[in-house]
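Shown next, in C-alpha cells, is the structure this report addresses.
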Amino acid sequence: MTVFRVAALLLLPAVAVAQPLAERPSTLRPATLPAPVWRPYAMPETRFAPRAADSRLAPAPAASSFRLREVDSRLRPRTEQLLTALRAEKSGDSIRISLPGDVLFDFDRAEIRADARPELARLTEVLRAYARSPVEIQGHTDSRGSDDYNQALSERRAASVQLWLQRQGVAPSRLRTIGYGESRPVAPNEQADGRDDPQGRQRNRRVEFIIHPAPPG
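In mature numbering (1 follows the signal peptide of the UniProt record, and there is no 0), the protein residues as written are -18 to -1, 1 to 199.
Take a look at the structure:
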C-alpha cells in the first residue's frame, strides 16, 4: 500500500465528522407541557367573628308609633310625611307637635302671622287625618315679663290658633286650649352666669299640639 493511500484512509473519519450540522438528523423532541388546570383560590378561614350591630343606635320609630292605624289607609303615606316634616314626637300614647311662637306670632302679639299659614295648613291636614282624635292646644312663653302677663299671652295665643283651625274645618268639639305661660320651659331662659339666653327663650316661645288617642268606638 502506498503512503498516499494510507494517508487517504486516515482522513476518512475526519471528513465524516466535518459534515455540516444541518445534514445530521436531530434527536431532540419538543417538550410536552401538561395542560393548565385552573382551580379557584381557596380563601383561608377567617378568624374574625362578624361585627355585631351597635346597640347604642336607636331604631327608627315604627309607623305604629304615630298610631297610623287610626288613619284612613289612603292617607297614611301623606300623613307620615307630614308628621316627619312637622317633627312630631311620641308622648306616651299621644302625638306632640310643637310650632315656634316666633313663626306663628309677632313679638308680644296673639294674631297669627300671614306667613305662618302654610305651616298651620300642614298641621290642619294632620288633624283631619286623625279625624276622631281630641287635640289639646298649649300656649307657652319665655320668662320675660310678669307671670300674669305671660299666662294671659299664652292663653290668647292658644285661643287664636284654635279659632284658625276651626275656620279650616276642624270640629270645635275636638279642640281644647290651655295656657301655661312661662311655667313649662324646654330650655333655660338665662345662661349659668345670669346673662340672657336668646336661643333658649326662642325655644320656650311655642304652641304645642297634643293629639290624643281616639276614643273607643
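Ideal Cβ positions, reconstructed from N, Cα and C, are used throughout, including at glycine.
Residues sharing a beta bridge with residue i, DSSP
i: SER73; result: SER76
i: THR159; result: ILE119
i: LEU81; result: VAL189
i: PHE87; result: ILE94
CA-to-CA distance, residue j to residue i, given in whole angstroms
i: ASP178; j: SER125; result: 11 Å
i: ALA92; j: GLN144; result: 12 Å
i: PRO167; j: ARG183; result: 8 Å
i: ARG69; j: ASN186; result: 16 Å
i: LEU64; j: LEU105; result: 8 Å
i: TYR131; j: PRO180; result: 19 Å
i: SER76; j: TYR112; result: 11 Å
i: LYS72; j: SER47; result: 7 Å
i: PRO170; j: ALA103; result: 30 Å
i: SER165; j: GLY121; result: 11 Å
i: GLY83; j: ARG51; result: 31 Å
i: GLN173; j: ARG78; result: 27 Å
i: residue 265; j: GLY127; result: Summary: the structure shown does not reach residue 265, with the chain confined to residues -18 through 199, and so no result is reported for it.
i: ALA90; j: LEU135; result: Rather than Ala, the amino acid found at residue 90 in this sequence is Asp. For ASP90 and LEU135, the distance between alpha carbons rounds to 8 Å.
i: LEU39; j: GLU101; result: Low confidence applies to LEU39: its pLDDT is 42, below 50, so where it sits in the model is not reliable enough to give any reading.
Residue i (DSSP reduced to helix, strand or coil)
i: GLU172; result: strand
i: ASP178; result: strand
i: ARG188; result: strand
i: PHE48; result: helix
i: PRO22; result: Low confidence applies to PRO22: its pLDDT is 49, below 50, so where it sits in the model is not reliable, and the reading given next is rough at best. Residue state, collapsed to three classes: coil.
i: LEU57; result: coil
i: LEU68; result: coil
i: PRO195; result: coil
i: ARG166; result: coil
i: ALA153; result: coil
i: ARG99; result: helix
i: ARG183; result: helix
Endpoints, the alpha helix (DSSP H) within which residue i is located
i: TYR112; result: Unbroken run through TYR112: none, as it is neither H nor E.
i: SER142; result: 129 to 149
Nearest-angstrom beta carbon gap, residue j and residue i [assumed within contact, 8 Å]
i: LEU147; j: LEU109; result: 7 Å
i: ILE119; j: PHE191; result: 6 Å
i: ARG99; j: ALA196; result: Rounded, the Cβ-Cβ distance is 27 Å, inconsistent with contact.
i: SER55; j: ARG188; result: Contact doesn't hold; Cβ gap of about 32 Å is too wide.
i: ASP129; j: GLY163; result: 6 Å
i: ARG158; j: PRO116; result: 7 Å
Chain C within 9 Å of residue i, Cβ atoms only
i: GLN148; result: Looking for chain C here will not work: only one protein chain is present.
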